[in-house]
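Novice: The structure that follows is given in the form of structure tokens.
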Amino acid sequence: MKKTKRDMAYELDIDVSTLYNWRKYKPNLYRIVMLGFKYNSLLECHKKTYEELLNIENEILEEIEKFK
């Protein structure tokens, strides 16, 4: 799920207008903050994928055990 600027500001404990000010007056800071949110989002996505793969592996191992 994509975060809104309001969600991001809440997470950073700042006002939404601060994000807009950073975007306008401190673009490098804004870019770093946005990259941090993107990184966290990708990391969460990969964690879910990893968990799904573990579940699939367990199902396969259970099926293999049935044939022993």
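Going left to right, the sequence shown walks through residues 270 to 337 as my numbering numbers them. For each residue, glycine too, the CB sits at the ideal point set by N, CA and C. Note that this is a predicted model, so its numbers are computed, not measured.
#1: Near residue 277, which residues of its chain fall below 7 Å by C-beta distance, leaving aside the five closest residues on each side in sequence?
#2: To the nearest angstrom, how far is the alpha carbon of residue 302 from that of residue 321?
#3: What are the boundary residues of the alpha helix (DSSP H) that residue 276 is part of?
#4: When you compare only the Cα positions, how much space is there between residue 298 and residue 304?
#5: Mind checking which residues open and close the alpha helix (DSSP H) that includes residue 306?
Specialist: So, from the listed chains and residues:
#1: 288, 306
#2: 29 Å
#3: 274-281
#4: 10 Å
#5: 296-335
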